[in-house]
Amino acid sequence: MERLTDVYKGRYGIKTPEGIMPAYEMASGNKTAESVIDFQKGIDRLADYENTGLMPEQIIEIDYLYAEKCREVAMLRGGLKK
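According to numbering that gives the first Met the number 0, the sequence shown is numbered sequentially starting from 0.
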């Protein structure tokens, strides 16, 4: 999967054909500190996801398998009944 984010001046930004767009440019006409911070939080969250190297389907499968193993451990400890 192609990344949508990249580092720009020490922070993540969104990749565009023209280069990396930082959060303060994405906030366009509403460049309050709060809106820029909100855009940066969203970009950072997307970058965190991309940094895992996993596709959404893989994350869902990992979550399912983890929950299944937790149930098995709980049953072995006598905490859950089938």
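Note that CB positions come from ideal geometry on N, CA and C, so glycine has one too.
Asked, Found
"The region 68-75 contacting the region 11-27, beta-carbon criterion three pairs below 8 Å", "no"
"Alpha carbon of residue 15 to alpha carbon of residue 64, nearest angstrom", "36 Å"
"Cβ separation of residue 3 and residue 13, assumed to be a contact under 8 Å, to the nearest whole Å", "6 Å"
"Classification of residue 42 by the beta-carbon crowding that lies within 10 angstroms, buried from 16 upward", "buried"
"Nonlocal neighbours in the same chain, by C-beta distance under 8 Å from residue 34, ignoring five residues either side", "26"
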